[in-house]
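Q: Questions regarding the structure given below will be posed in turn.
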Amino acid sequence: MNVGNLARKALLLLAVPALLVAAWWAATAGGTSFFWPPLSQILAAFAETWFSARFAADVLPSLGRLLAGYLGAVALGVALGTAIGSSRTLRGVLEPVLEFFRAIPSPVLVPILMLFAGIGDGMKILVIVTGCVWPVLLNTVEGVRALDEVLSDTARSYRMRRRSRLIHLVLRGAGPQIAAGARQALSIGIILMVISEMFAASNGLGFTIIQFQRGFAIPQMWSGIVLLGLIGIALSVAFRVAEARLLRWYTGLRTSQREG
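Number 120 in full-length UniProt numbering belongs to position 120 of the sequence shown; there are no gaps in the numbering.
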């Protein structure tokens, strides 16, 4: 890809955010609303609030809980989804139950999980796991179910070991579907990270934003919301980079099919 194409892609990527920021700046410049302060005031509060010890005290613990819950949900969802997708009997027995629990909103489970897991980090991680596991699990089930039966029969005919068949056939073949579920789970995890920290917490982004709101520190509250958006963008970019590396074979296949 040449420099011109890279510049064009960067321009297209940044055009809409730049327009939104410019519109926000113009709409609030010189404004006197207490609850909708000017963007310049929010940015000043952002630098003062988050470029300080508060970053280590609130942001890093939130990211640690998000990472632990998200990775736990991906591991659990892939393991269960592979088992359920590989067994028609298991799928028939468990799918109605899974659909029932999937329909329950994860924030509703927070008071229940507090009874069993307390109010520490374990509860917050468990909330993230219970919400993020479903898109990973269900997409893994569908990805495993969609595997080409000819490839499965060929692997059995060549007597591939079960571990090799799992890694090189099942997980690799279901990889695009698993990645789609993991992408959905990431956005859900950020939401649940904030929600879990609004209940009986002493640190974290959700806790801090609520404290700013209750103390009528409105510019600081908005700066926390802006920080959450930036974290979401950064995690999305990191996920795309990892996905491109892990699914390089799939991307190349799709590109060759479009060009052919």
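Think of the CB as a built atom: it goes at the ideal place given N, C-alpha and C, for glycine as much as any other residue.
From a predicted model like this one, the values you see are computed outputs, not experimental measurements.
For M114, does the three-state DSSP call read helix, strand or coil?
A: It is helical.
Q: Round the Cβ separation of T49 and Q220 to the nearest angstrom and send it over; I've been treating them as touching at under 8 Å.
A: Contact flag correct, Cβ pair sits at about 5 Å.
Q: Please name the residue in T130, S62 and I209 whose C-alpha comes closest to that of A185.
A: If we check each option's Cα against that of A185, T130 comes out closest.
Q: Given a cut-off of 8 Å on the beta-carbon distance, is the pair V133 and L90 in contact?
A: Going by C-beta atoms, V133 is not nearer than 8 Å to L90.
Q: Out of I125, D58, S33 and F51, state which residue places its alpha-carbon closest to the alpha-carbon of G69.
A: It is I125 whose Cα lies nearest to the Cα of G69.
Q: Could you tell me the alpha carbon to alpha carbon distance between I188 and S33, rounded to whole angstroms?
A: Taking the straight line from one Cα to the other gives about 32 Å.
Q: Just list the alpha helix (DSSP H) runs in the segment 15–86, keeping only unbroken ones of 4 residues or longer that don't cross its boundaries, in chain order.
A: Correct list: 39–50 and 60–86.
Q: If you follow the alpha helix (DSSP H) that I190 is in, where does it begin and where does it stop?
A: Where I190 is concerned, the enclosing alpha helix (DSSP H) stretches over G175 to S196.
Q: Quick check on this structure: which residue in V97, V93 and L246 has the alpha carbon closest to the alpha carbon of R172?
A: It is L246 whose Cα lies nearest to the Cα of R172.
Q: Which whole-angstrom value describes the C-beta separation of L109 and M123, a residue pair presumed to lie in contact below a C-beta threshold of 8 Å?
A: Not a contact, Cβ separation roughly 10 Å.
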